[in-house]
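Trainee: Dropping the structure in here first, questions after.
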C-alpha cells in the first residue's frame, strides 16, 4: 500500500527531521499571517485517515499531512506528486471514489471521500 | 448518460476578459468605467490570479495582505469588480476554446458556468507560469515549482516542506523566497544560477532606486531567517527513495556549466525551482496571435495592447514578464482600448499617461529580465535517463537519438517520433525545454518553435463537462 | 529527410503529394524499378493523412467497386505491416457498427446481408454478445454488427516508412516543393513538371494531392471537382483499453451520402496503442477554415458519451480538423485522364483514403506499367459523368 518513503512517520516522535509529522499548515496565531480554519473533517487516502478543513484542496490537505506520492506513472511506474499546484502539469492525478484521474490541486476535498494513488493503465 | 446540457443561451457583453489577476481586474475596471459591459472569466473562486492569490472563503486570516505586495490597490480592484454593475465576474470557470468570427469572439466555458460567452472584444490576461528546467531527479515527489509553493502558501496556507531549498533564476526569485520565509517556511538556502557578473552586465537600470529598495527588503527577510542567498549556484540533481531527500548543489559559471569540485549535498524534503516564466499563450496562439520567437514565447502587442488578431487584446505577463505594476497599467490600457473598439468613449489623456508610465516601468522590467537569463549550460546537468517530457516519461537519450540519429530538426517531427508534448499537459511544461534542446543540438531555433504553444483545447475537459 | 536544392532533371514518374496515397504509389512504382520523384509543396505527410484516424474498413462499404478496392487494399496492408521495418501500429482489431434504433437497425442488417453475400464477415451481436465485444457500450442499442476484418494503422508512421522505403530504392522525396506547371507535348501527353526546384522531364504524373488535387489538375487543363470536406477529431487522455474495437454508429454510413448542406455528426470511437481514444466525426463544407468549431466538439462529445457512458469523465486533451478530398459521387478518381495521356488521378478518397491507399498504389503501378489492374476500376474513371462540370454549383 504505497511506498514507505512517501508516508509521514507513524504517531510518536520521529528522530529523522526529514519525515517530521508536524503539520505544514500555517497555524492560527496572532501573527499577521495567522489563519483560522473551519472545523476539521476527515477523508481517506490509500487507506489512511487524513484530516482536512473546509476550503482545502486534496493536494494541500495531503501535503500538509506529509504525503508526497500521489500517483504512479503509466510507463515506468514512477512516483509523482505535486509539481505545479495550479492545474497545469497533471502530475497530481488521484482517483476519487474509484473514478477516473482528477487533479488533486484543483479539486476540493470533501468529507469521507476515498482518494487513491492513481496508477497508469 | 451525459450530464445536464450546457447553458443553452450564450451570454453576451461588449468585452470579455479571461483572467482576474493583476492585469485582468484593472482591464475589466477600465473597460467598465468607459461604459462597456464586461464579463470576467476566471478559474479561481476569488480574484487575484497567481500573484494576488487569496485564501479560500472559509479561511479567516489576521491580515489578508500579510504575504502580498500591492495589496491595497489589488483589493480596491476586487471591490470594484463586485460593485460595478457593468461587470459580471464568473468565477470557478475555465475557457476551453475561443473562436473568432468577423464581428465577435465566442468562448466555450466549463466549470461553474458551462456554456458560451460572446463579446465584441477579448482581453487575454492569462498570466504566466514558472518555467521549470529538467535536472536528474526533478520528477521526484517533493520537487515543486516556486509558483507551486506560492500557490500553496498564499492560496491554501500550507508550506511546501520542512526543509526547503529554493533554486532558479528570474525577476521574482527573491520576492518569492521572501514570501515563503514570511510564511514561516524553513528555507535552507536560496540559489540563483545567475551571478553578480550577469547582474552588472544588465545595466544601471537594474539598480533603479525603487527596485533596489525592494530587493534590499527581500534580502533582509532572508537575513532575518538566516537564509543564505547564493548567486551563481544551482541544484544539479535531486535524489531520494520515492520522494526527494537530498539535493546536489554546485557553483556554475556564466554559461551555467558546473564548476567542478564545487558539488555539495543538502538534506531536504522539498525543492522549489523556477527558471523564469512561460507566458500562458495557449488560447492566444490558437487564435492566431503573433508570438515572440524562442522558447517560452509571449504574445506580441502594440502600445494599446492590441495583438495581431482583430478584436483580441492582451495584458500582463502574457505579453512578457514585467511584474504586477506593469500588468496593472497594461490592463488599464487594454480595457480602455477594448471599450474604445466597441464604440465607447474613453479618456484618451488618461490612456496616454498610462501608456507612458507603462513604457517607463517596462524598461526596468526589461533590465531585470536581462539580469536573469536562462543559459544553455543547464543541458549539461542532465544524464541520459533524465526525464524531459514528464507526462510521456521521455528520457533525454530518446530526444538526443531522434535529433542525432533520425535527423529531426523541428518540433513537429520531434513530437511525432518521441511523443514529447503529447501528454496531459500538452507541452506546457516541456515545450520551452524541448525547443532549447533542439536549438543547442541543431545550432538553430527550430522553425516551428511556437508550434507547441497553441492549445486547441485550452485545458483538458471531461466530455460531460464540455 | 535530405533536402536537395534542385529536383532531378528527369524521372519515370512524378508523384504529386506525399500523403499516404502518394507514399503507396511511390513505394509500388519504385518496387518495379521505376525512377520516382515525389513532390509536396509543404512538409512531408502534413496534409489529410496527418489528420486521419487510420481507418481500414470494409464495414462501411456496400458490395461494389469501392469494396473491391477496399479488400485489395486491406490484403496489401497486412503484407505491408509485415514487410516494413518500422512498427506502423497495424492492428486487426475489428470493427463494431451499432444501430441505436429500429430504422438504422434495418438498414444495417440489410447492408450486412449484402456484404456477407460477397464474402465479408459480418456477425450480428446484441445483448450479452455485444457487451462481451465492448464491455462499456451502452445497452440501449437495437443492433450491433461485428466486422472482424476492420483494422487500424498509424497513418503518419506508415507514410514515413513507405516514403523511406521508396527512397532506399532511389526515389527522390522533396518537401517544400511547389508544382508551378505541367508541360504537355503536341499530342497533349505529359512531358514535364515544372517546380520551384526545377523542371522534371517525365511521361507520367500521379496526382495524389488530396484536397488540393483540383489545383494540380487545373495545371494540366483538367477539371476535377474536389472540395475539402472538413472533419474534427477529439483526442482524449490515455485511459487504457476502454474501447476494444473501432466502433461507429450505423448512421455514419448515411452521412457519407447525406445532403452536404449542413454539418453532419456521427459517432466514431476507437482506442489507440498509446491508450488515448479518438472521437469523431463531423462532415461539413467550410472551405479551408482551420478554426475548431466548439459546437461540433460538443456534439461529437455528446454522441460519444451516449454510446459509451463511461466516457463521461474522460478528458479531451486536444482536437484538430482535417480536410477530406470529396467528390460529388463519393467515389475516388483513380485512372489515366483520356484527354491528357500520362496524367493519372489518384485522389478523391474522401474519408477512406488510409484504408484504400495501398490498393490505389497497386492500381497506379498497373496503369503505369500497362498491366490490367486486379480490380475493375471503371467506376473510378476521372472522366465519369458525375465529375463533369455543371452550369451551377453542386453544393451550397
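Chains as they are written, first to last, in the numbering used here: chain A, 60 to 180; chain B, 2 to 467; chain C, 11 to 406.
Note that beta-carbon positions come from the ideal geometry of N, C-alpha and C, so glycine has one too.
Count the other CB atoms within 10 Å of the CB of residue 412 of chain C; is the residue buried (16 or more) or exposed (fewer)?
Mentor: The structure shown does not extend to residue 412 of chain C, since chain C spans only 11 to 406, so no value can be given for it.
Trainee: Once the 5 residues before and after residue 388 of chain C are set aside, which same chain residues still bring their CB inside 8 Å of it?
Mentor: As a first step, residue 388 of chain C is located in the third chain; it is residue number 378 there, counting from the start. Cβ within range, chain order: 75.
Trainee: Does the beta-carbon of residue 344 of chain B, which I'm using as the reference point, lie nearer than 7 Å to any heavy atom of the ligand FAD?
Mentor: In the structure shown, the ligand FAD is absent, as is every other ligand, since no ligand is present at all.
Trainee: When the distance is taken between beta carbons, is residue 108 of chain A closer than 8 Å to residue 101 of chain A?
Mentor: Against the first chain, residue 101 of chain A aligns to sequence position 42. Against the first chain, residue 108 of chain A aligns to sequence position 49. Yes.
Trainee: Specify whether the region 15-31 of chain C and the region 51-70 of chain C touch according to this definition: at least 3 beta carbon pairs, one from each stretch, less than 8 Å apart.
Mentor: Yes, they touch.
Trainee: Can you give me the C-alpha to C-alpha distance between residue 224 of chain C and residue 18 of chain C, rounded to a whole angstrom?
Mentor: Residue 224 of chain C sits at position 214 when you count from the first residue of the third chain. Residue 18 of chain C sits at position 8 when you count from the first residue of the third chain. Computed Cα separation, rounded: 25 Å.
Trainee: At a Cβ threshold of 8 Å, is residue 158 of chain A touching chain B?
Mentor: Counting from 1 along the first chain, the entry for residue 158 of chain A is found at position 99. Output row for residue 158 of chain A: interface = no.
Trainee: Residue 162 of chain C: which of C:175, C:91, C:213 and C:235 sits nearest, CA to CA?
Mentor: Stepping through the third chain from its first residue, residue 162 of chain C is reached at position 152. Closest by alpha carbon: C:91.
Trainee: Could you spell out where the alpha helix (DSSP H) holding residue 419 of chain B opens and where it closes?
Mentor: Start at 1 with the first residue of the second chain, and residue 419 of chain B comes out as number 418. Residues 412-419.
Trainee: Let's see if you can read the secondary structure: which residues bound the beta strand (DSSP E) around residue 104 of chain A?
Mentor: Position 45 of the first chain, counted from the first residue, corresponds to residue 104 of chain A. From DSSP, the beta strand (DSSP E) with residue 104 of chain A extends over 100-104.
Trainee: Hey, residue 377 of chain C and residue 83 of chain C are a contact pair by Cβ (cut 8 Å); roughly how many whole angstroms apart?
Mentor: Taking the third chain and counting its residues from 1, the one referred to as residue 377 of chain C is at position 367. Taking the third chain and counting its residues from 1, the one referred to as residue 83 of chain C is at position 73. Between residue 83 of chain C and residue 377 of chain C the Cβ distance is about 16 Å, and since that is not below 8 Å, they are no contact.
Trainee: Taking the straight line between their C-alpha atoms, what separation do you get for residue 482 of chain C and residue 24 of chain C?
Mentor: Outside the displayed range of chain C (11 to 406) lies residue 482 of chain C, so it cannot be described from this structure.
Trainee: According to DSSP, is residue 403 of chain B part of a helix, a strand, or is it coil?
Mentor: Here residue 403 of chain B refers to the residue found at position 402 of the second chain. In the structure shown, residue 403 of chain B sits in a helix (DSSP, three-state: H, G or I).
Trainee: Hey, residue 273 of chain C and residue 293 of chain C: beta-carbon distance below 8 Å or not?
Mentor: For this step, residue 273 of chain C is matched to residue 263 along the third chain. For this step, residue 293 of chain C is matched to residue 283 along the third chain. A contact, by the Cβ cut-off of 8 Å.
Trainee: If we count the other Cβ atoms within 10 Å of its Cβ and call it buried at 16 or more, is residue 408 of chain B buried or exposed?
Mentor: Here residue 408 of chain B corresponds to residue number 407 of the second chain, with the count starting at 1. So residue 408 of chain B ends up on the exposed side.
Trainee: Using a Cβ-Cβ cut-off of 8 Å, state whether residue 30 of chain C counts as contacting chain B.
Mentor: Position 20 of the third chain holds residue 30 of chain C. Output row for residue 30 of chain C: interface = no.
Trainee: Quick check on residue 69 of chain B: buried or exposed, where buried means 16 or more other Cβ atoms within 10 Å of its Cβ?
Mentor: Working through the second chain from its first residue, we reach residue 69 of chain B at position 68. Burial call: buried.
Trainee: I want to know whether the region 379-394 of chain C touches the region 334-353 of chain C - three or more CB-CB distances under 8 Å.
Mentor: Taking 8 Å as the limit for Cβ pairs, the verdict is that the region 334-353 of chain C does touch the region 379-394 of chain C.
Trainee: Taking a cut of 8 Å between CB atoms, which residues from the region 131-146 of chain A lie near chain C?
Mentor: Listed in sequence order: 133.
Trainee: Step through the CB atoms of chain C and report whether any lies within less than 8 Å of the CB of residue 458 of chain B.
Mentor: Here residue 458 of chain B refers to the residue found at position 457 of the second chain. Yes - at least one Cβ of chain C is within 8 Å of the one on residue 458 of chain B.
Trainee: If you draw a straight line from the C-alpha of residue 98 of chain C to the C-alpha of residue 280 of chain C, how long is it?
Mentor: For the purposes of this step, residue 98 of chain C is identified with residue 88 of the third chain, where counting begins at 1. For the purposes of this step, residue 280 of chain C is identified with residue 270 of the third chain, where counting begins at 1. Their backbone Cα atoms lie some 17 Å apart in a straight line.
Trainee: In terms of alpha-carbon separation, which member of B:114, B:312, B:289 and B:163 lies closest to residue 456 of chain B?
Mentor: Your numbering for residue 456 of chain B matches position 455 in the second chain. Checked all of B:114, B:312, B:289 and B:163; the closest Cα to residue 456 of chain B is B:289.
Trainee: How far does the alpha helix (DSSP H) with residue 170 of chain B in it extend, from its first residue to its last?
Mentor: As a working mapping, residue 170 of chain B is identified with position 169 in the second chain. Premise fails: residue 170 of chain B lies in the beta strand (DSSP E), 165-170, not in any alpha helix (DSSP H).
Trainee: Pick helix, strand or coil for residue 228 of chain B, following the three-state DSSP scheme.
Mentor: For the purposes of this step, residue 228 of chain B is taken as residue 227 along the second chain, with counting starting at 1. Three-state DSSP puts residue 228 of chain B in coil, outside helix and strand.
Trainee: Cβ of residue 258 of chain C less than 8 Å from any chain B Cβ?
Mentor: Taking the third chain and counting its residues from 1, the one referred to as residue 258 of chain C is at position 248. Judged by the 8 Å Cβ criterion, residue 258 of chain C is not in contact with chain B.
Trainee: Does the separation of the CB atoms of residue 32 of chain B and residue 39 of chain B fall below 8 Å?
Mentor: Locating residue 32 of chain B in the second chain gives position 31, where the first residue counts as 1. Locating residue 39 of chain B in the second chain gives position 38, where the first residue counts as 1. Yes. Within cutoff.
Trainee: If you draw a straight line from the alpha carbon of residue 122 of chain C to that of residue 160 of chain C, how long is it in whole angstroms?
Mentor: Indexing the third chain from 1 puts residue 122 of chain C at position 112. Indexing the third chain from 1 puts residue 160 of chain C at position 150. So the two alpha carbons sit approximately 14 Å from each other.
Trainee: Can you tell me whether residue 178 of chain C is buried or exposed, with buried defined as 16 or more other CB within 10 angstroms of its CB?
Mentor: Position 168 of the third chain, counted from the first residue, corresponds to residue 178 of chain C. Looking at its Cβ environment, which holds fewer than 16 other Cβ atoms inside 10 Å, residue 178 of chain C is exposed.
Trainee: Taking the beta carbon of residue 134 of chain A as the centre, do at least 16 other beta carbons fall within 10 Å, making it buried, or is it exposed?
Mentor: Taking the first chain and counting its residues from 1, one reaches residue 134 of chain A at position 75. Classification of residue 134 of chain A: exposed, given that the 10 Å Cβ count is below 16.
Trainee: Just list the residues that DSSP pairs residue 549 of chain B with in beta bridges.
Mentor: Lying outside 2 to 467, the shown extent of chain B, residue 549 of chain B is not represented and no answer is given.
Trainee: CB-CB under 8 Å to residue 185 of chain B, same chain, minus the five flanking residues each way: which ones, in chain order?
Mentor: Counting from one through the second chain, the residue named residue 185 of chain B turns up at place 184. The residues are 160.
Trainee: Compare the beta carbon distance of residue 395 of chain B and residue 447 of chain B with 8 Å and say whether it is the shorter of the two.
Mentor: Walking along the second chain from the start, residue 395 of chain B turns up at place 394. Walking along the second chain from the start, residue 447 of chain B turns up at place 446. Contact flag unset, no.
Trainee: What's the gap between the Cα of residue 438 of chain B and the Cα of residue 444 of chain B?
Mentor: Numbered from its first residue, the second chain carries residue 438 of chain B at position 437. Numbered from its first residue, the second chain carries residue 444 of chain B at position 443. The straight-line gap from Cα to Cα measures roughly 10 Å.
Trainee: Are any of the Cβ atoms in chain B nearer than 8 Å to that of residue 207 of chain C?
Mentor: One-based indexing of the third chain puts residue 207 of chain C at position 197. No, residue 207 of chain C does not count as interfacial toward chain B.
Trainee: Could you pull the start and end residues of the beta strand (DSSP E) that residue 1 of chain B belongs to?
Mentor: The first residue shown for chain B is 2 and the last is 467, placing residue 1 of chain B beyond what the model contains.
Trainee: For chain C, is any of its Cβ atoms less than 8 Å away from the one on residue 62 of chain A?
Mentor: On the first chain, residue 62 of chain A is found 3 positions in, with the first residue counted as 1. A caution first: residue 62 of chain A carries a pLDDT of 36, below 50, which makes its placement in the model unreliable, though a value can still be read off. Judged by the 8 Å Cβ criterion, residue 62 of chain A is not in contact with chain C.
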